[in-house]
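Remarks on the structure that follows.
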Amino acid sequence: MAYRAIIDGFEFILDEGIAITPKGVIEGTPRTFGELGDVMVKKGEEGKVAYWMFRDVLPVPVGGLRGDVTLVLPGRLPSGEFIKTHGHYHPEGPWGRWPELYGVVKGEVLFILQDLKGRRVMLVPVREGELIMVPPGYGHVMVNHKDEAAITFNYVSRLFSSVYGPYKEKKGASVYVYPSEEGFRVVRNPNYEVEEVLWCKPLPLYIKEPILHLAFKPHEEEWFKCEERLRVEDFPR
Ligand SMILES: [Fe+2]
C-alpha cells in the first residue's frame, strides 16, 4: 500500500521497498524480523519486514545534516510485542553525544528513550504532526503501537555511525511494549536494572514551523515534560 506524505514541504510517495522522494526514486532498506532477532523476546518469521528505511532523502539546507524517512509497519513480533525499531545510541561528538530530531507525519509511535545504562526510561508518544528531540546520550527505539503504518522522519548529523551493540547485548530496550485491553502494557527487560519508567510528552514543537530545521534546537535544556511514573510489569519467568 502506498502512502503520500508531505515532509518539510516536500512530497513523498512511500511504498514498501520504494519511495518517490525529492531526491528521486529511492529503494528502501528493509529491517526484517530476522535482523531484529537480537532485540526481540522471541525469534521467528525471519523474512518478514518490520520497517523500511529511506536514508538521506530529505533535502537539507544545513551542512552536515542528513534527513531520513522511515515507514514502520503495523503488527506484532513473534513474542507478541508491537513492531518496533532496533534501537541504538549515538557516540560522543565534539560537544557531547549527538542529538536527533524526529517527527511523525502519519500514525503514532511510542518512543522508548533510555539513558546510557538503561536505568532511567522515558516513554513518549509522538503523534502525527509532532516532533521530538532525542536528547544527547539517550538510546531510542520507536514502537508502532497502533494498527496502522507510521511514517517518521529524522534529522541527524552525518558525522557519526549509530551504536547498536548495547541493544543487541541486552536483548532490546529497557522495556518491552505489548498490546493490552487499555492499549499497551510495559514489561521490564530483565537484562537491565530499571529504576524508573516515566510517561512524557514531547515539547510543543510542531511540524508547522515554517522551516523545519529551525526546530533542531540542541541547546534546549528541557526536551520534554515527564508527567508520571508508569506501572511496569516484571518479565514472566
Ligand atoms: Fe538515532
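Per UniProt numbering, residue 1 is the first one in the sequence shown, and the count goes up by one each step.
The C-beta atom is built at its ideal place from N, Cα and C for all residues, glycine as well.
Sort the options by Cα distance to residue i and report the nearest one.
i           : options                            : result
Tyr-167     : Leu-14, Arg-66, Asn-144, Lys-84    : Lys-84
Met-142     : Tyr-102, Leu-58, Arg-97, Gly-165   : Tyr-102
Leu-71      : Asp-234, Trp-98, Gly-28            : Gly-28
residue 239 : Glu-45, Phe-54, Gly-67             : Limits of the chain in this structure are 1 at one end and 237 at the other, which puts residue 239 out of reach.
His-86      : Ser-180, Leu-110, Asp-38           : Asp-38
Arg-31      : Gly-47, Gly-64, Ile-18             : Gly-47
Val-25      : Glu-195, Glu-11, Arg-158, Lys-146  : Glu-11
Val-69      : Glu-195, Tyr-155, His-145, Val-197 : Tyr-155
Gly-67      : Glu-100, Arg-185, Asn-144, Lys-170 : Glu-100
Leu-203     : Leu-110, Gly-17, Phe-224           : Phe-224
Going by the C-beta, is residue i closer than 7 Å to any heavy atom of ligand 2?
i       : result
Glu-100 : Judged by which ligands are present, ligand 2 is missing from the structure shown, whose ligands are ligand 1.
Just checking residue i against ligand 1 - is the residue's beta carbon closer than 7 Å to any of the ligand's heavy atoms?
i       : result
Ser-162 : yes
Val-49  : no
His-86  : no
Val-134 : yes
Val-156 : yes
His-140 : yes
His-90  : yes
Which two residues bound the contiguous beta strand (DSSP E) that contains residue i?
i       : result
Tyr-176 : 175-180
Lys-201 : 196-202
Lys-225 : 224-229
Tyr-51  : 49-54
Pro-166 : Per DSSP, Pro-166 belongs to no beta strand (DSSP E); it is in the alpha helix (DSSP H), 165-169.
His-140 : 139-143
Met-133 : 131-134
Ile-26  : 24-27
On the DSSP bridge list, what partners appear for residue i?
i       : result
Pro-125 : Leu-110
Tyr-3   : Leu-14
Ala-150 : Val-72
Phe-235 : Phe-235 pairs with nothing; no bridge assigned.
Thr-21  : Gly-24
Val-57  : DSSP output for Val-57 lists no bridge partner at all.
Arg-66  : Val-156
For the alpha helix (DSSP H) containing residue i, list its first residue and its last residue.
i      : result
Tyr-89 : Run containing Tyr-89: none; DSSP gives neither H nor E here.
- Does the stretch 89-98 touch the stretch 119-128, meaning 3 or more C-beta pairs lie closer than 8 Å? no
- Is the number of C-beta pairs between the stretch 35-44 and the stretch 54-67 that are closer than 8 Å three or more? no
- Item | Sufficient close CB pairs (3 or more, under 8 Å) joining the stretch 156-165 to the stretch 193-203 | no
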